[in-house]
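**Q**
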Amino acid sequence: MTGLFHRLDPAQTRRDIDEELRFHIDLLTDEHLRRNMSFEEASEAAFTRFGNIEQIRDQCAQIKRQQHPVIRALKLFLVLVFLSGVVIRIFAPEYHVTRVGDILMAVGFLGRLWLYVRGLVPSSFISKPEESSPLRLRDDVQSLVRGL
Amino acid sequence: MANTRTDLMQGTLELLILKTLSRGSMHGYGIAQRIHEAVDDVLRVEDGSLYPALYRMEERGWVSSEWGVSENNRRAKFYKLTRAGRKQLEGEQANWQRISQAVTRILQTT
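Taken in sequence, the protein lines are chains A and B.
The first sequence begins at 63 in my numbering and counts up one residue at a time.
The second sequence begins at -7 in my numbering and counts up one residue at a time.
1) Here's the rule: buried if 16 or more other CB atoms are within 10 angstroms of the residue's CB, otherwise exposed. What is A/Ile51?
2) Determine the chain B residues that contact A/Lys126 at a beta-carbon separation under 8 Å, and present them in chain order.
3) Is there a Cβ from chain B that is less than 8 Å from the Cβ of A/Gln121?
4) At which residues does the beta strand (DSSP E) containing B/Gly106 begin and terminate?
5) Less than 7 Å between C-beta atoms, sequence neighbours within five positions excluded: which residues of the same chain meet that for A/His86?
6) Which stretch, first to last residue, makes up the alpha helix (DSSP H) that contains A/Val149?
7) Is the beta carbon of A/Lys137 less than 8 Å from the beta carbon of A/Leu177?
8) Would you identify the three-state DSSP class for B/Val37, choosing helix, strand or coil?
9) Using a Cβ-Cβ cutoff of less than 6 Å, which residues in the same chain neighbour B/Asp39 once the five nearest sequence positions on both sides are dropped?
10) Should B/Gly40 be flagged as near chain A, meaning a C-beta pair shorter than 8 Å?
11) Report yes if the C-beta distance between B/Ala45 and B/Glu6 is below 8 Å; otherwise report no.
12) Which residues in the same chain as B/Ser17 place their Cβ atom closer than 6 Å to its Cβ, once the five residues preceding and following it in sequence are excluded?
13) Report yes or no: is there a C-beta of chain B within less than 8 Å of the C-beta of A/Ile165?
14) Since I believe A/Gly163 is in contact with A/Leu140 (beta carbons under 8 Å), could you give me their beta-carbon distance rounded to a whole number of angstroms?
15) Comparing alpha-carbon positions, which option in B/Ile98, B/Gly3, B/Gly53 and B/Leu99 lies nearest B/Arg75?
16) Please report the straight-line C-alpha distance between B/Gln80 and B/Gln93, rounded to a whole angstrom.
17) Cutting at 6 Å between CB atoms, please list the residues of its own chain near B/Val37, excluding the five before and the five after it.
18) Report the CB separation of B/Thr56 from B/Glu50 in whole angstroms; it is logged as a contact under 8 Å.
19) Between the stretch 64 to 77 of chain B and chain A, which residues of the former have a C-beta closer than 9 Å to a C-beta of the latter?
20) Would you mind giving the Cβ-Cβ distance between B/Gly20 and B/Tyr43, rounded to the nearest angstrom? I have them listed as a contact below 8 Å.
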């Protein structure tokens, strides 16, 4: 139960992400300090190797938000609402009942659309995170490849 | 015009992470270290890019995570492969082998 409340708290999620990234940066800094760098140099080298920390933090937070139990439940609920509408629409014997089906289908569809537009549904269609190339060839290897 | 950024196939980083985690549970820094040791002579991996990939893989159920204590007595998040992740790794590995064999064949014949 505590775990669920923990996951429902966005501030706590943010703190967890910060702590995880900070842990990584600290170990990278230690690694560079062992190579006899000054603290400033080691810290700078650590941040360089880590990449854009703000962007990474935001991406992680966005992914976590998509994983949020309430959002997942809401997505499932909207799908069920839409499907109920379809079933009612198909099998309803009377005209005014089919209107209820139409309304349910509209609520389900528009709800999903709203989540989609708000960026709560994973989408590379509307907004692609700027990390299309997390891996790339080293610069010297790239020059070699281009020279072939 | 050719893309000079030399983007690699999508999913390559995920494959590397899955393979690294097949050795056992690890925190993000540990995963990054293993990947650097293995491919640093050819690939440049920004350490931070592991985290969005790890979070996405957790969302897909390929890895699970839990907070624990690291070797330097600090709180750290450890990731491990799930059964689905192991299955994914097998599939991705087989796929990678197929593609690389096909490309090698083409390069040898042309």
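Ideal placement from N, C-alpha and C gives every residue a C-beta, glycine not left out.
Only a predicted model underlies this, so the values are computations on that prediction, with no experimental measurement involved.
**A** In brief:
1) Any property of residue 51 of chain A remains undetermined from this structure, which presents chain A solely from 63 to 210.
2) Tyr47
3) yes
4) The structure shown has nothing for residue 106 of chain B, since chain B only spans -7 to 102.
5) Phe112
6) Pro131 to Phe153
7) yes
8) strand
9) Ala24
10) yes
11) yes
12) Phe70 and Lys72
13) no
14) 15 Å between Cβ atoms; not a contact.
15) B/Gly53
16) 20 Å
17) Ile27
18) A small correction: the amino acid at residue 56 of chain B is Ser; Thr does not occupy that position in the sequence shown. With 8 Å as the limit, B/Ser56 and B/Glu50 qualify as a contact, their Cβ atoms being about 7 Å apart.
19) Asn64, Arg66, Arg67, Ala68 and Lys69
20) 6 Å
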